[in-house]
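J.:
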Amino acid sequence: MIWLMLATLAVVFIIGFRLLNSDSRRASQALTKRLNIEPLYVESMFSHMGKIPAGEFVAYLLHNTESHISNAAGVLVIYQTSILDDSETSLTFWHSVLDKAQLPAELTPKQVRLALLFLRDIEPDPTELALFRQRYNALFAPAPETSAAANGNVYYIDGPPHSH
Numbered sequence: 608m609i610w611l612m613l614a615t616l617a618v619v620f621i622i623g624f625r626l627l628n629s630d631s632r633r634a635s636q637a638l639t640k641r642l643n644i645e646p647l648y649v650e651s652m653f654s655h656m657g658k659i660p661a662g663e664f665v666a667y668l669l670h671n672t673e674s675h676i677s678n679a680a681g682v683l684v685i686y687q688t689s690i691l692d693d694s695e696t697s698l699t700f701w702h703s704v705l706d707k708a709q710l711p712a713e714l715t716p717k718q719v720r721l722a723l724l725f726l727r728d729i730e731p732d733p734t735e736l737a738l739f740r741q742r743y744n745a746l747f748a749p750a751p752e753t754s755a756a757a758n759g760n761v762y763y764i765d766g767p768p769h770s771h
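Under this note's numbering, think of the first position of the sequence shown as 608, with each following residue one higher.
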């Protein structure tokens with residue numbers, strides 16, 4: 608009889624836990640599946656955000672639009688690379704995660720504002736995040752396209768082109 612009560616209690620606990628955490632699990636899964644990363648990265652950020660900001664982030668992510676997922680990924684990248692580990696290896700890893708997920712790899716001012724909002728319990732410095740964004744974007748900015756003629760790699764058989 609006791610084992611029946613314990614089993615019932617365990618089932619009620621499991622169902623209650625799943626119901627209470629279903630939104631955060633869905634939000635975490637949406638981001639981790641899109642980025643193809645371990646849930647640990649997102650759940651770690653949730654725990655460092657604090658209860659209220661994490662709830663706001665979950666609600667934001669549950670909109671499940673492309674722009675919301677892209678911005679949430681930007682917030683995650685800012686958290687992972689600016690707050691936790693700003694090494695070159697970490698920057699390269701997270702840039703490749705965004706690239707493989709076919710999300711814009713450039714960090715936007717909106718993503719920095721969202722990071723300041725959602726990570727407010729950590730109290731990141733707005734100036735430092737703005738400088739980090741510039742550094743990150745400069746590091747991974749695409750090389751400007753130049754024509755072959757601008758590089759001097761074009762040779763004309765009949766001499767230089769004539770302007771008429």
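The beta carbon of each residue, even a glycine, is placed where N, CA and C say it ideally should be.
Going by C-alpha distance, which of K717, E673, H702 and L726 is nearest N744?
T.: Residue H702 is the option with its Cα nearest to N744.
J.: Could you give the residue range of the alpha helix (DSSP H) that holds R727?
T.: Careful: R727 lies outside any alpha helix (DSSP H) and carries neither H nor E.
J.: With a cut-off of 8 Å on the beta carbons, I'd call F550 and F725 a contact; round off their distance for me.
T.: The first residue shown for the chain is 608 and the last is 771, placing residue 550 beyond what the model contains.
J.: Starting from the C-beta of T699, find all residues in its chain whose C-beta is less than 6 Å away, skip the five residues before and the five after it, and write them out in chain order.
T.: Contacts found: none.
J.: I believe L638 touches A679 by the beta-carbon criterion, under 8 Å. Please report the beta-carbon distance rounded to the nearest angstrom.
T.: That pair is a contact at about 6 Å.
J.: Is A708 closer than 8 Å to R641 when the C-beta atoms are compared?
T.: In contact: R641 and A708 (Cβ atoms closer than 8 Å).
J.: Check N678 in the structure and name its three-state DSSP category.
T.: In the structure shown, N678 sits in a helix (DSSP, three-state: H, G or I).
J.: Considering only residues of the same chain and omitting the five flanking positions on each side of L721, which have a CB-CB separation below 6 Å?
T.: Only N678 and V682 meet the Cβ criterion.
J.: Would you check if the distance between the CB atom of S689 and the CB atom of F739 is smaller than 8 Å?
T.: Yes; because the gap between Cβ atoms is below 8 Å, this pair is in contact.
J.: How far does the alpha helix (DSSP H) with A708 in it extend, from its first residue to its last?
T.: Careful: A708 lies outside any alpha helix (DSSP H) and carries neither H nor E.
J.: Express the C-alpha separation of V704 and N643 in angstroms, rounding to a whole number.
T.: Each residue's alpha carbon lies about 8 Å from the other.
J.: Going straight from the alpha carbon of I659 to that of I729, what length do you get?
T.: Straight-line Cα distance between these residues: approximately 13 Å.
J.: Starting from A637, follow the alpha helix (DSSP H) in both directions and report where the run begins and ends.
T.: That run of the alpha helix (DSSP H) goes S629 to L642.
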